[in-house]
Amino acid sequence: MAKFLTNREENYSQWYNDLVIKADLAENSAVRGCMVIKPYGYAIWERIQAELDRLFKATGHVNAYFPLFIPKSFLSREAAHVEGFAKECAVVTHYRLKTDETGKGIVVDPDARLDEELIIRPTSETIIWNSYRNWIHSYRDLPILINQWANVVRWEMRTRLFLRTAEFLWQEGHTAHATRDEALEETEKMINVYANFAENFMALPVIKGRKSENERFAGALDTFAIEALMQDGKALQAGTSHFLGQNFAKAFDVQFTDKAGKLEYVWATSWGVSTRLMGAIIMGHADNNGLVLPPKLAPIQVVIIPIFKNSDQLALISEKAVKIKADLEKKGITVKYDDRDNNTPGWKFTDYELKGVPVRLAIGPRDLQNNTVEAARRDTLSKETVQIENINEYIPAILDDIQANIFKKALDFRQQNTFHIDRWDDFVSTLDNQGGFIMAHWDGTAETEEKIKEETKATIRCIPFNTAEEDGKCIYSGKPSKRRVLFARAY
RNA sequence: CGGGGUGUAGCACAGUUGGCUAGCGCGCUACGUUCGGGACGUAGAGGUCGGAAGUUCGAGUCUUCUCACCCCGACCA
Numbered sequence: 249m250a251k252f253l254t255n256r257e258e259n260y261s262q263w264y265n266d267l268v269i270k271a272d273l274a275e276n277s278a279v280r281g282c283m284v285i286k287p288y289g290y291a292i293w294e295r296i297q298a299e300l301d302r303l304f305k306a307t308g309h310v311n312a313y314f315p316l317f318i319p320k321s322f323l324s325r326e327a328a329h330v331e332g333f334a335k336e337c338a339v340v341t342h343y344r345l346k347t348d349e350t351g352k353g354i355v356v357d358p359d360a361r362l363d364e365e366l367i368i369r370p371t372s373e374t375i376i377w378n379s380y381r382n383w384i385h386s387y388r389d390l391p392i393l394i395n396q397w398a399n400v401v402r403w404e405m406r407t408r409l410f411l412r413t414a415e416f417l418w419q420e421g422h423t424a425h426a427t428r429d430e431a432l433e434e435t436e437k438m439i440n441v442y443a444n445f446a447e448n449f450m451a452l453p454v455i456k457g458r459k460s461e462n463e464r465f466a467g468a469l470d471t472f473a474i475e476a477l478m479q480d481g482k483a484l485q486a487g488t489s490h491f492l493g494q495n496f497a498k499a500f501d502v503q504f505t506d507k508a509g510k511l512e513y514v515w516a517t518s519w520g521v522s523t524r525l526m527g528a529i530i531m532g533h534a535d536n537n538g539l540v541l542p543p544k545l546a547p548i549q550v551v552i553i554p555i556f557k558n559s560d561q562l563a564l565i566s567e568k569a570v571k572i573k574a575d576l577e578k579k580g581i582t583v584k585y586d587d588r589d590n591n592t593p594g595w596k597f598t599d600y601e602l603k604g605v606p607v608r609l610a611i612g613p614r615d616l617q618n619n620t621v622e623a624a625r626r627d628t629l630s631k632e633t634v635q636i637e638n639i640n641e642y643i644p645a646i647l648d649d650i651q652a653n654i655f656k657k658a659l660d661f662r663q664q665n666t667f668h669i670d671r672w673d674d675f676v677s678t679l680d681n682q683g684g685f686i687m688a689h690w691d692g693t694a695e696t697e698e699k700i701k702e703e704t705k706a707t708i709r710c711i712p713f714n715t716a717e718e719d720g721k722c723i724y725s726g727k728p729s730k731r732r733v734l735f736a737r738a739y
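Just add 248 to wherever you are in the first sequence, counting from 1, and you've got the numbering used here.
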């Protein structure tokens, strides 16, 4: 396992703060819970956004934008929703500052208190459904399939870079449907979109399943999730899709006239993924040499590094490098030619490895003579010499191969770290010694789930969709159970 | 909020029972030599030692107060 994952003190912060993603943190502790995402890190997010957005559009969704501020009264309309989020809301109480009377600095103007406080959105169901009330009157207005790219704030007591920050970037889909079946179908469709994205773009295998009641989204009737296993043996919820029933329609009085002329409440879904996905890529693929990016999401897929002693040599190399870059770009491959002369080639090799660039091409005097390049792949760190005339076929093939290989590596890892366990002491010792996914029987009660969590910190990550029925006894209570569920310690 | 810990250069740290002009490494600047796996030499810049008060001839070091941050727990995509 990668060193930086196991030794938090020494490597974790340095890795995140200085080397790869460059998350500068501010002085103030509250702001420290947020992230500064520097350009290279943001470029990864932009790749995630671009590919997800394409998948959303392909499934009929469109983008829109709703306000950051939610009147306090909105949040409280749906009882379970407000209960779930009340404890982690940032609240705006004033709208003005003024100079302090002692002349030192500025203070909040007590005269500028808001009649009704504003909540900075922790999620947008309420403000969006308040809008939908005005948009939906007839079955002809449905469905509404909207996605929003936004930031949200959840005032977490403890934060962790990428995985749980106080402010995070995400997308949230909010759809409105005429029937229960249609909404359920949408909920399933979107968890499948996420699973597809995780496996085929992020190269991380995920388990699709239903959340237990305890873990369900506040205000949902059903929550579907994808769960990924990180290299340190902990689970990461990588995406969720919620079937909201008519809860929000009732809370915001969103009714429509159906084909039969009858007034009905609208059926809803919501679904989202966040910058946590960047954390998933890091924790899922990185090794001791730094980040390993799946080629399909790498902002730079190929970097070309010249090795030269003087400017004449550089000119000769550049001629070839620029040609290679142009040819590859014609094939839709993102290429960076790094001809800066203020760092040595060795420095650049290491730097792009830390950044997780999938393929590195080095061109030096030897290559000039032989008409070759040295190609190194990030996943295996292996190098081979390639004839320049073959490069246009070689690169797309190797990018595909890296994509497939890191997925397989992650899948193998998950398989090696998934355990079917029937005895409580094995359950506890497995969690303590190696972590991983544990498939175990559960009696279906919230009390048992809660006790297991208290005693082991493990939670039910999901009730997987694709497990077969099987008679067994609950790992904790010994009561009869029909199927295994997925337990793990989670982020 | 409870338990533990740390504050000294941009980063990471050393600094002995109180004692000379507060140090090392990385990074940074200039010049030169280098450049096929984070190069090297020489010269240089950079500090209210978290803050306040006290003890003392003398405080980075001792005392008191205070502030900040980190880790563990309660919360969680």
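Idealized CB from N, CA, C, for every residue including glycine.
{"Asked": "Given 8 Å as the limit, is there contact between the segment 417-427 and the segment 510-518, that is, 3 or more CB pairs closer than that?", "Found": "yes"}
{"Asked": "Since I believe residue 459 is in contact with residue 710 (beta carbons under 8 Å), could you give me their beta-carbon distance rounded to a whole number of angstroms?", "Found": "6 Å"}
{"Asked": "What is the residue span of the alpha helix (DSSP H) that residue 474 lies within?", "Found": "Looking at the DSSP string, residue 474 is not in any alpha helix (DSSP H); the run it does join, the beta strand (DSSP E), is 470-477."}
{"Asked": "Can you tell me whether residue 658 is helix, strand or coil according to DSSP?", "Found": "helix"}
{"Asked": "Just the C-alpha distance for residue 389 and residue 382, rounded to the nearest angstrom, thanks.", "Found": "11 Å"}
{"Asked": "Where residue 569 and residue 608 are concerned, what is the direct C-alpha to C-alpha distance, given to the nearest angstrom?", "Found": "12 Å"}
{"Asked": "If you reduce the DSSP assignment to three classes, tell me which class residue 296 lands in.", "Found": "helix"}
{"Asked": "Can you look up residue 328 in the DSSP assignment and give me helix, strand or coil?", "Found": "helix"}
{"Asked": "If you reduce the DSSP assignment to three classes, tell me which class residue 513 lands in.", "Found": "strand"}
{"Asked": "Taking the alpha-carbon positions, what's the residue 393 to residue 421 distance?", "Found": "7 Å"}
{"Asked": "Assuming residue 307 is part of the beta strand (DSSP E), what are its boundary residues?", "Found": "Note, residue 307: premise wrong, no beta strand (DSSP E); not H, not E."}
{"Asked": "Rounded to the nearest angstrom, how far is the Cβ of residue 333 from that of residue 323, given a contact under 8 Å?", "Found": "7 Å"}
{"Asked": "Decide yes or no for the touch test of the segment 304-313 against the segment 447-461: beta carbon pairs closer than 8 Å, at least 3 of them.", "Found": "no"}
{"Asked": "Could you pull the start and end residues of the beta strand (DSSP E) that residue 422 belongs to?", "Found": "415-425"}
{"Asked": "Excluding the 5 residues preceding and the 5 following residue 465 in the sequence, name in chain order all residues of the same chain whose CB lies nearer than 7 Å to its CB.", "Found": "471, 488 and 490"}
{"Asked": "In the structure shown, what three-state DSSP assignment does residue 554 receive?", "Found": "strand"}
{"Asked": "Look at residue 377 and residue 400 and say whether their C-beta atoms are less than 8 Å apart.", "Found": "no"}
{"Asked": "Would a C-beta distance cut-off of 8 Å place residue 545 and residue 384 closer than the cut-off?", "Found": "no"}
{"Asked": "By how many angstroms is the C-alpha of residue 407 removed from the C-alpha of residue 532?", "Found": "19 Å"}
{"Asked": "Measure the beta-carbon distance from residue 367 to residue 335 and round it to whole angstroms, keeping in mind my assumption that it falls under 8 Å.", "Found": "About 12 Å separates the two Cβ atoms, so there is no contact after all."}
{"Asked": "I believe residue 496 touches residue 387 by the beta-carbon criterion, under 8 Å. Please report the beta-carbon distance rounded to the nearest angstrom.", "Found": "18 Å between Cβ atoms; not a contact."}
{"Asked": "Assign residue 495 to one of three DSSP states: helix, strand, or coil.", "Found": "helix"}
{"Asked": "DSSP three-state call for residue 728: helix, strand or coil?", "Found": "strand"}
{"Asked": "How would you write the range of the alpha helix (DSSP H) that residue 448 sits in, first residue to last?", "Found": "428-448"}
{"Asked": "Between the C-alpha atoms of residue 493 and residue 435, what's the straight-line distance to the nearest angstrom?", "Found": "11 Å"}
{"Asked": "For the candidate residues 522, 601, 647 and 535, whose alpha-carbon lies nearest to that of residue 582?", "Found": "647"}
{"Asked": "Could you please give me the residues that DSSP links to residue 483 through a beta bridge?", "Found": "477 and 738"}
{"Asked": "Per the DSSP calculation, residue 710 is bridged to which residue(s)?", "Found": "734"}
{"Asked": "Locate the beta strand (DSSP E) running through residue 373, then write down its first and last residues.", "Found": "Per DSSP, residue 373 belongs to no beta strand (DSSP E); it is in the alpha helix (DSSP H), 373-383."}
{"Asked": "So which of 739, 724, 467 and 716 has the shortest CA-CA distance to residue 730?", "Found": "716"}
{"Asked": "What are the boundary residues of the alpha helix (DSSP H) that includes residue 349?", "Found": "Run containing residue 349: none; DSSP gives neither H nor E here."}
{"Asked": "Going by the beta-carbon positions, is the gap between residue 708 and residue 676 smaller than 8 Å?", "Found": "no"}
{"Asked": "Which term fits residue 339, buried or exposed, when burial requires 16 or more other beta carbons within 10 angstroms of its beta carbon?", "Found": "exposed"}
{"Asked": "What is the rounded straight-line gap between the Cα of residue 577 and the Cα of residue 542?", "Found": "18 Å"}
{"Asked": "Quick one: is residue 439 buried, meaning 16 or more other Cβ sit within 10 Å of its Cβ, or exposed?", "Found": "buried"}
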